[in-house]
Structure formats: C-alpha cells, structure tokens
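Residue numbers (UniProt numbering), protein chains in the order written: chain A, 1 to 857; chain B, 1 to 265.
Glycine included, C-beta positions come from ideal geometry on N, C-alpha and C.
Heads up, the thing below is written out as structure tokens.
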Amino acid sequence: MAPKRSSTALNSASGGGKQQNIAKFFGGKTNADSVNTPKIGAQASTSGSTGVQKKTAVASLQTSRPVAEVASATFSGREAVHAQPQLKRLRKAGTVTQTAATDAEDLADRSPSPSPRQENTTPAKSKSPAKRKSRTPAAGSPEETKATSAHPPSPAGRRPQMATSPAATDLTGSSADDEGQADRDDEAASNKRRKKAVLKAPASTAKVAGVGKSALAAAELHAKYEAGQAATWEAGAPVPFAFLAQTFTAIDATTKRTEITNILTDALRTIIATTPDDLLPTAYLLNNRVAPAHAGVELGIGDAILIKAISSVTGRNEKSIKEEAAKSGDLSSIANAAKGKQGLIGKVTANTIRSVFKTFRDIAKIEGNKSQDHKKALISKLLTASGKGSNEAGYIIRLLQGKLRIGLQEQGLLVGLAQAAFLERESAGRDTSSLAPRLEAAAQTVKQVFSECPSLDELVPALLGGPIKDLPKSVRFKPGVPIKAMLAKPTNGVTEVLDKFQDTQFTVEYKYDGERAQVHVDERGHVTIYSRNSEDMTGKYPDLAQRMPDLLAPDVKSLVVDCEAVAWDPKEGKIRPFQVLSTRKRKDVTVGSIQVQVVLFAFDCLFLNGESLLSKPLTERREALVGSMTAKPGQMEFATFKTSHDVEELGNFLNESVAAGMEGLIVKSLDSTYEPSKRSVNWLKLKKDYLEGVGDTFDVVVIGAWHGRGKRTGVYGSYLLAIYDDENEQFQTISKIGTGFSEELLKTLHGQLNEHVIDAPRTYYRWGESLVPEVWFDAQVVWEVKAADLSISPLHKAAAGLVDPTKGISIRFPRLVKTREDKSPDQATSPEQVAEMYNKQVLLSKTKGKAADDDDD
Amino acid sequence: MFEARLTQGGLLKKVLEAIKDLVSDANFDCSPTGFSLQAMDSSHVSLVAMQLRSDGFEHYRCDRNLNMGLNLGNMAKMLKCANNDDIITMKAEDAGDTVTFMFESPSQDRISDFELKLMDIDSEQLGIPDTDYAATVKMPSAEFARICKDLASIGETVAISVTKDGVKFSTSGDIGSANITVRQNTAVDKPDEQTVIDLNEPVMLTFALRYLNSFAKATPLSPCVIMSMSKELPVVVEYRIADMGHISFYLAPKIDDEEMEDGNE
C-alpha cells in the first residue's frame, strides 16, 4: 500500500516578515506565490510515490484559480462581508456606471501583483483611510472592487454580472431607476394583459409580435455583451460556484422581471461560452432541483441536519443556532454570517457548480444506516469550501432547504436558457432590431417543448446540440417523462359556462372525486403512474399498473392516458368518496395488502404508439382513447360525458353527477388541444356547490391562530388563512376562520398545527396590522375552504395590488371543507385566481340576469 | 521497517485521546527523527501538529520514511485495550498495509498484538513558519482546561486578551457574561504552577470555545500549556511532552466584524 500525501512546503526560509507568515498560515500553500510555483518540498519527497506527486501537480494546476481566490477570500473575509450590502445600495443608487472603469484599473493593478497577500492582509485592519472614504455611498467604486477582488471568480466576472443592467440602462439616457420603473410598469401591464388575454385566446399562440420596449432594450444589450469576458476561469474549467452565487445575489437584488432575465441570460451565456458542460448542473441549481420532478429524487434535508453541519464548520453551538433560527427563520443568513466570522487555516478547494450539484445528487442518494451522519459530512464539506462575500454558504443552505427564494421561477429560467443558447450559438451577425422578436420566439419554443417534456436532462443537451428551432424534434413528449396535468378553471354556474362556450362545441364530463393519475405505458410494456405534479405514484397504485396491460387494445405499443383514480367498493359495485382514497398507503403498497380498491376513469389520451396527441383536438384524443383501451367495470372505465348545449339538460346532468357521488362536472371545448400545466379556459369546472356562494373552493394555508375562549379554551378558537403568491413568494392573508368546526375537529387541528408553531412570523408572510394572530405557524398545512363571497378588505393582503392598489381581498364566511394533504403550501390558491374570482363576482352582480356578457374586459 | 518501543505506553493513549475528536483520519509520519503527525480538522478551522522525538523512545528504528494513514477512532479503540502502564511497541513494514501495536504488561506476563489496517489518506502538509508571537502565555494546563470548560457553559466564543498584567478570558451568552483574569505569577516555586506572560504587544483574539475545549483534552499530557498569539494569526496551544516532544493545536480566530456594522449605517 502507498499512503498518499500531497505535500507542498512553503519556501518559508526565505520569507521572514510577519505579513508573509500570515499568508502562509491562512492561505496555506495557496497564496499566489505558491500556486504559481508549487514546490514539492522535503516532506513530499519523503512520500516516495511518484503518483502522489503527479497528483499534487495536477491538483494545483486545476484548482489554482479558485483556490488562490478562496484563500484570499478567507483572509479578507471581512471586506467581502462589507462589500455585499454596500453593493446593493450602490445599485439602488444607480451609480454603478463609473465603477467599470475604476474597477478595471484597480484590477489591472491587482491581478498580476506578485504578492496579493499583502493587500489582502493589510485591509483586514480595515480602518485605513481608503476604506473609510469608500463607505460614503458616492465613492462606490473602491468598495465594489473590494468585493470583486475579495471573492473567487470575480475579478472580471463580477462587474459585467452585477452591473450590466443598471449600467446599461444608464446608457439610454434617463436615470437608471426611472427607466427601471418604466420597465417594471411596462412589464406589469403586459403581464396583466397577458393574463387577460389567456381568457380569450388559446394560450398556444405565441405572442412574438408584441415585443415590448424593454425587450428591445434588452436585445440591444444582449447584442453587445461578450460572454467570455465575465469568466474568471479558463474555458473548459469547472465554473466556480461563487459565480452562480453572485448570479443568485444579483437576481435577488431586483424584482424587475426583465432585469432578472437579463442577469440570468448573461450568466448562462458566460457558461455556454466557456464551459458548456456546466450548463446542465447550473440549470438544475437555478431550478433548485436535483433531478426532473418525475424521477422522485429529493434532497430530503431537514433543518436539524443543516444546523449540525453549520455548527460543525463554524464552531458555533447547535443550540444557539437553533434558537437564532427560531427567531429569524432564516438559516441561510445564519450560516453565511457564522461562516464569515470564522477564520480558516490552510487551503480550501473552492466549490464549483458541478461539485455542488454532484454532492447534492450524492446526498439525495444516501440512505440507510448512518445516512444522517453521512449527509451531514457532505454538507459540512460544501460549507467549508464556501468562500465568503457572495453568500455562498447561505445559498448552499437555501438550495438544500429547497427554498432558493430569489424570485426566479421555472418559466424565467427557461427564458434565460433559451436566450443564452440563442445568443451564444445562433445570433452572430444579426442586427438588434430583429433580435428581440427572435429571442422571444426562442423563449416560446423552449417553454413549449419544456411543457411537453419537462426534463432539463433532455432540454439542456438539446439546446447546446442544435438550433432552437429544431428543439421540438428532439425534445418531445414521451412515455416515462410525465407532463404537468392540464387544469380546469372554476366557474359560477351553468349560465357562465354557456356564455364562455357560446360558439364552441363542447362536451361535459363527470368530475370524479379522486386523484389525478397520468398512466404511461412505454414500448416495453412498462407501466408508470404519475400524479398531477409528476410524482411517481406507481408504488401507491401497483394494482393499477398491474391491470393496465390487459386493458390495452392489441395494437397499442405505447400510450399515455390522463385519468382519475377513484376509490371503489367492489361489493356494492360503486365508487367511494375521496376521503376513503386518502386512507390508502402512499408508498410501497403490495397488491396483496390493498385495503382500498381503486377504479380508473380515463378521460384523455395524450400519446399513442409513438405519437404525441397533445396538439390534436379533444375529439380526436377521445377517439384514440376509446380505441386504445377496453373498459372493464371496477377496473378501468371511460369518464361519463354528455355533449349538449341545453341549459336544462346540463343542469340535470350536474344533478345526476352529484347524485352519482361526483364533485361536479368538467366542461371541455371539443376542439381544444391539451395544454400541460395550464389552468385553461378550454376546461371549465362546475362544482356541485357552485350555485350557492362563490364558485370554487379556495386552497389556503394556515399561518396563524388565536387561542380559544370559553368552550374552546385549550384549543385554537380561530385560524388565520393565507394564499400563496408565487411571483413574490409570499403568503398573503385572506381570511380568519372560526366557525364550522366541531369540538372534536378543533382538538385534532390543535394537535396537528401545534407541530408547526414558530416564534415569529416568517419574513415572507403578509398580513394586516390589525389582525395579528396570537400564534404563528410555519406554512405547512393546506385547507380547502368554501366561502360565501369575496370583498375588498384592508385587513387582508391577498391579491393586494391586483384589484385595489393597497387593500387585499378577503373571503367571507369561510368554512373548512377538508385538509388537502395532497397539496403543498405553494400550490395554494394564487392572488391571480382570487382577483379573477373577485372580478367575476363584481361583474355578475352588475349584470345579473343578462345572459350574454363578456367578462373578460 | 519501522519499529518504536515506548515504555510509558499510556502516553500514546493520551495523545490519541487528545486528537481523535478533532481529526478522524490522519497520516502519521515516521522518520529517523521521530514519529509525528500534522492534520487539519475537516472544517479547516484548526490544525494539530504532534511530534514524538525518536530519542524519547526506548527503542526506535526507522529505515525509510514512512507514512501511515490511520483512522484515529479505530486506533484509539485498539490503544484503549492497553493498560496505562503497558509498554507499547509500534511496528510497520515498509510496504505493508498494516501497523501492529504490541502491548506488554510491565511484568511481561501478558503480551497482546493488535494489527490495524492502514488507509490511503489524501492530506496536505502546511509549512508552519516560526513566528515571533506578540504574546506568549504559559500557564497550568488544568487551569486553562477549567476556564474553557466554565466559559463554554455561558457562551460560544471566548475573547482572549493578553496584557502585561495578565490574560483575560471573556465570553457572553444569552444568560449573561463572564470574565476570568489570570495574573502573571512567577513567584511560585514550582515552575509548573507559574503563569508567565511574555509580551511584545498586547493582543486580543476571539475563538470558538468548542475547539479550545477539544484541545484541552491534551491536559493529561503536560502540567502546563503555552499559548502563543499574534493579531489575526491562529493561536497556538502547545502542550510539551516531557523528554518526548509536543502536541500543538492551531486555531483560526473569529473574524471581528464590528467595524462592518458601524460602517454600514
């Protein structure tokens, strides 16, 4: 055996001075000198193994850059910490334009410097006059430069990344902020328009023509941007994680959609231009995932283990971290601060995007005995290797928690990927005027293919491999990669349905009270069942999977059908309510042990024999469905439907459906295509309780409660409910609920919710000042509630800004229908839905009795 | 061939107890001058350097330099099987993949052989410079251990400040704060009980108490501890092992960020 040691002695003999000693200690072998001229010293020669020496050399070559910079980061950690908030302020003030020049000069001074150590050590005193001066907001550039030099991949990288947008907006003449505001307004307005437009137009029509002013401005910038410049790593070398952390920070610092897209596009271009291999892990990290949704690979990291890891790398006590986290609710900032305060000894190999992603995947795979220790060790390693100044440790924590919270949505990521790939690979030599619509078209294409094949594993290589217009050929819907279910819009009643579908052929289907199931049969006959959120549910429904092959028509080779799985009573031969289905085990069900039998109601066919039917009209899909399978009572049946335009008949059908134990009806346009993950106007739902009160129920998150008095002493008397604003990542209160609970239920709920009590409201809660609950809960529990109507309310924050500029919308007389265990808090009702329901209600009350009115305006 | 016979076998046990919680795997370096180890904890916050000189062993033979990668937890497990008064002999072949620990009771009536598998461990060696520290404090090791233990019940970090009068350990936590000052005290007859401060300039550094408490596990090895500090450098906490060598711990200080807070608003 050959015990390995890679060993590099510093040429300490020649050194002497104190400064240098510091360098040796803190930077270990990594100060600039030793990186450039790695010395295999006495110790190494004693190890005797050539293999080892080679290894050392390779290691120092590959990692020299990030390593050297991390070393400097360690030492000058305090500047980095300074610089961060400073930077934000600068950007706000819009004074960054000047920075570039000074920045570059400063860098020129810095980078070739043979002893950067000296600079990195002295400012640690940080009371130097320069430092003092730089704190005044106007003299921003030195501060910014500090941040750059203090941090790993920065030097050149930071400047374009961080400054591009505001600086560039400056060029257009007006002040950065005003212009930004205009952008935002413009964007907000166009968002609203788009949302409205959705109500009318089929969503599949790409809106390329309507390229806004901001898009043109962005295109101009994109045309000028030279992606390679921002990179501080050599082409082909792994991209430092710090680069991504800086991108996160830059995105987090703005709320403007266009700016977010621009920052993202620039960053992704830089990666494509230098190290395209890192694009996939980057995309996954930006999407805060380790694998496609359907792969069922989750990190499964709880706060407890993160606290342990933070404690182990910073010397802080678990207990005090826990206490601080309970107060602030933000482990990421605790991690970053703790990491920033602890000095280091020796070399730390900086995290790279691919190393972080690989570690995440490793963590997701760990199971069994001692898995927690193993996970903790890997997390600790990531934290140890996190440089300071870019909140690297903080972002590692947030990513592990699955709460990136920088305001970047999947759609935004797709636009960024599309633009970056297009600009780097296809746009050479094009004039900017035609660039904007082309970028828009690229984004539409990417969004479209991703909705049909939501897997970055497929999309990213295809983006790098060929022109975007060819994507639909290579990235296609296929068995094994589920699409998000198409959803139905709520309505108020039969009349409204008829209004909406005036000139359309439509059909009405039973809305079964069960669980959505997308059943995939691939060419090998392998059956997989996915939930509405693309989770693999085959383990929950092995019986369904088992019976599928027998139901298929002989000529069917591959198939995807959209179904509802409903609990079934074989003795009585009828379906049972959802509550029964929810008692079924969730995982590892064996066919022999099944208590709750299930029948499958198929209503759509999405894929047949190698061909996607998503873009085919419903009539055709229905034909395919009926032709591909044979119904068997109690096993698989086709959803009951009726095609009629008669109000009376529809009303009767609704009553029939309710009598048969349905939730209501789904009304579908016959010539509509299947629109994955969209709540489309082509599908409308008509619930049985539509005619009483508000059309639909609300899915709300319980975030607070008041202690009960009198009879309700000892349990919570009322609860505070919130909806989830996906765009701003906030929970906004919508109502207080206090009636309709039985004593028993109050007790159960009290017990359930006590598990989620937190000391203080989360920073992302929005509530009315005069309606502060006595107890706050972590946003975990989702309830379905019914309400009488909606009203504008100063007490609540739901959809604030959408209908009334400041006031929110509240629901009145909410009643608890059930706990939605199948929904996560971020799937709660959205502000847009609430606003839409409110608007509809207003409209209905105005035009009561009138048959034909258009509620889209 | 490496072979080292240590009459006071308990010493090796104590060495292991002192470092095994800090470092899980490490390379021991066997050379003609002695048996040594340098290892960093996984968080890169502390470093331990241990040296047992060859002349401290009863018998010492090292034909070629040898690295032995060992899991310290497992090594400690084996050494626990030795009595404190046993004579311990370590043996390893030049190209072998095990190390043997032989325990002989003083009366020679019980001899045990334990063979531990070696591991491949990637580690790097830092050149530790000779530094003129701003302040060096020599104090009874038990006193140091007690201070660290007491303060850890109050706070997470300790600020150690050395002036010509004494060395002050301060901490604060949720429940309150604590200060312990140890005065220079050279009057005692026994040098081991003295507190001696050698000061070039006053210095104050802050450290995570958890690491210092871990270092204090070396207390049984030496009656006194020597703490050397300079601004912004890791502190060195050294335990000298009589006639054998030393075990030194290096700990990176907390980075003081008060200035940032003033500076921001």
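State buried or exposed for residue i, treating a residue as buried only when at least 16 other CB atoms are found within 10 Å of its CB.
i	result
Ile111 of chain B	exposed
Thr697 of chain A	buried
Thr384 of chain A	buried
Ala39 of chain B	buried
Ile175 of chain B	exposed
Lys375 of chain A	buried
Val162 of chain B	buried
Lys797 of chain A	buried
Asn288 of chain A	buried
His59 of chain B	exposed
Leu665 of chain A	buried
Gln579 of chain A	exposed
Arg64 of chain B	exposed
Ser124 of chain B	The residue asked about is misnamed: residue 124 of chain B is Glu in this sequence, not Ser. Under this definition Glu124 of chain B is a buried residue.
When the Cα atoms are used, what is the spatial distance from residue i to residue j?
i	j	result
Leu618 of chain A	Thr282 of chain A	38 Å
Ala4 of chain B	Cys81 of chain B	18 Å
Lys365 of chain A	Asn336 of chain A	26 Å
Pro805 of chain A	Tyr724 of chain A	18 Å
Glu675 of chain A	Gln448 of chain A	10 Å
Pro542 of chain A	Gly480 of chain A	16 Å
Gln161 of chain A	Val290 of chain A	In this predicted model, Gln161 of chain A has a pLDDT of only 38, less than 50, meaning its place in the structure is not dependable; the value taken from the coordinates is given anyway. Between Gln161 of chain A and Val290 of chain A, the C-alpha separation is close to 25 Å.
Arg257 of chain A	Ala215 of chain A	11 Å
Val187 of chain B	Glu193 of chain B	Inspection of the sequence shows that residue 187 of chain B is occupied by Ala rather than by Val. Distance between the alpha carbons of Ala187 of chain B and Glu193 of chain B is about 9 Å.
Ser172 of chain B	Val158 of chain B	8 Å
residue 875 of chain A	Gly738 of chain A	Any question about residue 875 of chain A goes unanswered here, given that chain A covers just 1 to 857.
Glu836 of chain A	Val681 of chain A	13 Å
Ile271 of chain A	Val167 of chain B	53 Å
Arg820 of chain A	Tyr395 of chain A	30 Å
Leu551 of chain A	Ala517 of chain A	16 Å
Gln597 of chain A	Asp536 of chain A	19 Å
Met1 of chain B	Met102 of chain B	15 Å
Ser531 of chain A	Val561 of chain A	12 Å
Tyr510 of chain A	Leu487 of chain A	14 Å
Gln752 of chain A	Asn84 of chain B	55 Å
Ala23 of chain A	Tyr133 of chain B	Note that Ala23 of chain A scores 38 on pLDDT, short of 50, meaning its location in the model is unreliable and no value can be drawn from it.
Gln780 of chain A	Gln730 of chain A	13 Å
Residue i touches chain B at which residues, Cβ-Cβ below 7 Å?
i	result
Leu344 of chain A	His44, Val45 and Ala252
Thr384 of chain A	Ser42, Ser43 and His44
Ser312 of chain A	Ser43
Pick from the options: whose alpha carbon is nearest that of residue i?
i	options	result
Asp499 of chain A	A:His645, A:Leu435, A:Lys375 and A:Glu656	A:His645
Glu47 of chain B	B:Asn74, B:Ile226 and B:Ile19	Note that residue 47 of chain B corresponds to Leu in the displayed sequence, not to Glu. For Leu47 of chain B, the nearest C-alpha among the options comes from B:Ile19.
Val785 of chain A	A:Asp726, A:Lys747, A:Leu720 and A:Pro570	A:Leu720
Thr265 of chain A	A:Glu234, A:Ala227 and A:Val239	A:Ala227
Asp41 of chain B	B:Val23, B:Met50, B:Phe35 and B:Gly34	B:Val23
Glu744 of chain A	A:Gln246, A:Ala309, A:Ala325 and A:Val715	A:Val715
Ser824 of chain A	A:Pro814, A:Leu790, A:Val782 and A:Gly801	A:Val782
Val297 of chain A	A:Leu552, A:Arg354 and A:Leu400	A:Leu400
Asn251 of chain B	B:Lys14, B:Leu205 and B:Lys217	It should be pointed out that residue 251 of chain B corresponds to Leu in this sequence rather than to Asn. The shortest C-alpha separation from Leu251 of chain B is found at B:Leu205.
Report, in whole angstroms, the separation of the C-beta atoms of residue i and residue j, which I expect to be a contact under 8 Å.
i	j	result
His520 of chain A	Pro554 of chain A	Not quite, the Cβ-Cβ distance comes to about 19 Å (not below 8 Å), so this is no contact.
Glu440 of chain A	Arg269 of chain A	Not confirmed; about 17 Å, so no contact.
Tyr512 of chain A	Glu564 of chain A	4 Å
Ile121 of chain B	Asn27 of chain B	5 Å
What residues from chain B crowd round residue i, counting only those whose CB sits closer than 8 Å?
i	result
Gly389 of chain A	The contacting residues do not exist; Gly389 of chain A stays about 12 Å from chain B at best.
Lys375 of chain A	By Cβ distance, chain B contributes nothing, its closest Cβ being about 14 Å from Lys375 of chain A, past 8 Å.
Lys381 of chain A	Ser42
Identify the contact partners of residue i in chain A, using a Cβ-Cβ distance below 7 Å as the criterion.
i	result
Pro140 of chain B	Chain A residues near Pro140 of chain B: none, gap ~25 Å exceeds 7 Å.
Can you name the residues of chain A whose CB is closer than 9 Å to the CB of residue i?
i	result
Tyr211 of chain B	Gly315
In chain A, what lies closer than 8 Å to residue i by C-beta?
i	result
Leu72 of chain B	Near Leu72 of chain B there are no residues of chain A at all, since even the closest Cβ is about 14 Å away, more than 8 Å.
Contacting positions in the region 317-351 of chain A - beta carbon closer than 8 Å to chain E: Checking the listed chains, one finds no chain E in this structure; the protein chains it contains are A and B.
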